[in-house]
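K.L.:
One point on numbering: in this note's numbering, the residue at position 94 of the sequence shown is 144, and numbering is uninterrupted.
The structure that follows is given in the form of structure tokens.
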Amino acid sequence: MSTIKVATNFNIDIEFMAPPFYRRLVAWVIDLVVLIFYVVVASNFRRWIFDDLNAGEDSAMIAWAVSMMLVLPFLLYHVVLEITMNGQSIGKKIMGIKVVSENGSRPSISQFIIRWLIRTSDYMIIMIIIFLPYAFAFGPIVYWSIGGAFALLIIDLVLVNTKKQQRLGDILAHTVLIDTKQKGKITDTVFLEVEETYIPHYPEIMRLSDRDINSLKGIIDTARKHKDHNMAFMAAEKIKAHLNIATNLEPEEFLEVLLKDYNYLSAN
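Quick look at the structure:
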């Protein structure tokens with residue numbers, strides 16, 4: 051299985067395991083099945099509502115409003131679930147795949163939205179399915195539409211097989227997909243259990259952003275996994291310089307204390 055190297059906010063590379071293409075495909079199919087099931091249920095519900103409506107302007111407005119309400123969950127499925135489920139949809143959750151920012155942290159809402167708006171492969175497949183039956187009837191216009199859809203679909207498939215395995219939406223949103231099923235993976239949370247009597251050593255840690263803290267957790271996990279003392283040393287030196295901290299602690303111990311301090315101070 052291939053790995054993805056990304057630079058954290060501390061300019062230190064950490065490694066993620068990249069999910070194989072077949073698992074991404076299965077996750078996509080699972081999400082598609084969920085959406086198809088929703089469409090079937092929503093269509094039956096819509097038909098049931100419309101059967102009780104009488105003809106008239108008010109009825110037309112109600113019908114339009116109901117239709118829009120039923121369409122929105124279909125359109126917003128991926129972006130809403132990825133924002134609320136920490137970078138995962140139902141398919142991704144089942145297949146152990148997760149969306150993270152290129153610096154190893156949780157993506158921002160704007161990154162999720164950009165990624166969702168540019169779901170090229172999904173849109174192109176839908177366009178091909180819709181227009182293909184009309185290709186012979188409408189001629190060149192439909193031919194060009196199908197050709198353009200195929201071209202964009204191929205571009206996305208080629209990009210998925212590049213080093214970082216990013217689709218067009220991932221490239222523009224600066225996100226990557228990682229494998230969450232591998233041992234030694236970067237955990238989903240930076241939070242640790244800290245005893246109530248704990249005394250923090252470096253309150254300066256609260257000057258770091260949430261993204262910095264996520265990057266710090268990623269560096270600690272990666273350095274521990276690969277026994278990479280140099281990575282821990284570089285991160286410790288950058289943080290000490292940034293926060294003006296002087297300490298004689300070993301780099302690994304210093305980083306662990308910082309994370310523990312953050313957890314205590316953020317909860318109190």
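Idealized CB from N, CA, C, for every residue including glycine.
(1) Quick check: what's the CA-CA separation for Y252 versus S151?
(2) To which residues of the same chain is M256 closer than 8 Å at the C-beta, ignoring the five residues directly before and after it?
(3) Go ahead and pull the three-state DSSP assignment for K148.
(4) Using only the alpha-carbon positions, how far apart do M118 and H128 sit?
(5) Write down the C-beta distance between T272 and M284 rounded to the nearest angstrom, noting that I regard them as a contact closer than 8 Å.
(6) Is it true that the CB of L222 sits closer than 7 Å to the CB of I164?
(7) CB R96 to CB L122, shorter than 7 Å?
(8) Between E245, M145, N136, which lies nearest to A77 when the distance is taken from Cα to Cα?
(9) Pick out whichever of Q215, E300, A92 has its Cα sitting closest to the Cα of Y72.
(10) Straight-line CA distance for E65 to I270?
(11) Using only alpha-carbon positions, find the residue among I168, N94, K267 that is nearest to R156.
(12) Restricting to Cα atoms, I'd like to know which of T230, Q138, N153 is closest to H224.
(13) Is it buried or exposed, A291, if we count other Cβ atoms within 10 angstroms and call 16 or more buried?
(14) Expressed to the nearest angstrom, what Euclidean distance is found between the alpha-carbon atoms of N136 and V149?
(15) Between which two residues does the beta strand (DSSP E) holding V272 run?
(16) I need the boundaries of the beta strand (DSSP E) containing L293, first residue and last residue.
(17) Tell me the DSSP secondary structure of E65 in three-state form.
(18) Tell me the DSSP bridge mates of T225?
(19) For T13, I'd like the list of residues in its chain whose CB is within less than 8 Å of its CB, leaving aside the five on either flank, ordered along the chain.
(20) Look up I54 in the DSSP assignment and give the residues it is bridged to.
P.N.:
Based on what the coordinates show:
(1) Translated into positions along the sequence shown, residue 252 becomes position 202. Translated into positions along the sequence shown, residue 151 becomes position 101. Y252 and S151: Cα-Cα distance of roughly 27 Å.
(2) The count along the sequence shown starts at 1 and reaches residue 256 at position 206. Within the same chain, M256 has close Cβ partners Y312, L315, S316.
(3) Residue 148 sits at position 98 when you count from the first residue of the sequence shown. Strand at K148.
(4) As a working note, residue 118 is residue 68 in the sequence shown. As a working note, residue 128 is residue 78 in the sequence shown. Distance between the alpha carbons of M118 and H128: 17 Å.
(5) On the sequence shown, residue 272 is found 222 positions in, with the first residue counted as 1. On the sequence shown, residue 284 is found 234 positions in, with the first residue counted as 1. About 12 Å; that fails the 8 Å criterion.
(6) Here residue 164 is taken as the residue at index 114 of the sequence shown, counted from 1. Here residue 222 is taken as the residue at index 172 of the sequence shown, counted from 1. Contact: yes.
(7) The sequence position of residue 96 within the sequence shown is 46, counting from 1. The sequence position of residue 122 within the sequence shown is 72, counting from 1. In this structure, L122 does not lie closer than 7 Å to R96 by Cβ.
(8) If you number the sequence shown from 1, residue 77 lands on position 27. Checked all of E245, M145, N136; the closest Cα to A77 is M145.
(9) As a position in the sequence shown, residue 72 is number 22, starting the count at 1. Checked all of Q215, E300, A92; the closest Cα to Y72 is Q215.
(10) For the purposes of this step, residue 65 is identified with residue 15 of the sequence shown, where counting begins at 1. For the purposes of this step, residue 270 is identified with residue 220 of the sequence shown, where counting begins at 1. In a straight line, the C-alpha of E65 is about 12 Å away from that of I270.
(11) Residue numbering aside, residue 156 sits at position 106 when the sequence shown is read from its first letter. It is K267 whose Cα lies nearest to the Cα of R156.
(12) Position 174 of the sequence shown holds residue 224. Nearest C-alpha to H224 among T230, Q138, N153: N153.
(13) Position 241 of the sequence shown, counting from 1, holds the residue named residue 291. Exposed.
(14) Along the sequence shown, one-based indexing puts residue 136 at 86. Along the sequence shown, one-based indexing puts residue 149 at 99. Rounded to whole angstroms, N136 to V149 spans 8 Å at the Cα level.
(15) Mapped onto the sequence shown, residue 272 falls at position 222. Sequence check: residue 272 is Thr here, not Val. Element bounds for T272: not the beta strand (DSSP E) but the alpha helix (DSSP H), 260 to 276.
(16) Locating residue 293 in the sequence shown gives position 243, where the first residue counts as 1. No beta strand (DSSP E) holds L293; the alpha helix (DSSP H) holding it covers 279 to 293.
(17) Translated into the one-based positions of the sequence shown, residue 65 becomes position 15. Three-state DSSP puts E65 in a strand.
(18) As a position in the sequence shown, residue 225 is number 175, starting the count at 1. DSSP output for T225 lists S151 as bridge partner(s).
(19) No answer is possible for residue 13: it lies beyond the span of the chain, which begins at 51 and ends at 318.
(20) The residue given as residue 54 occupies position 4 in the sequence shown. I54 is bridged to F66.
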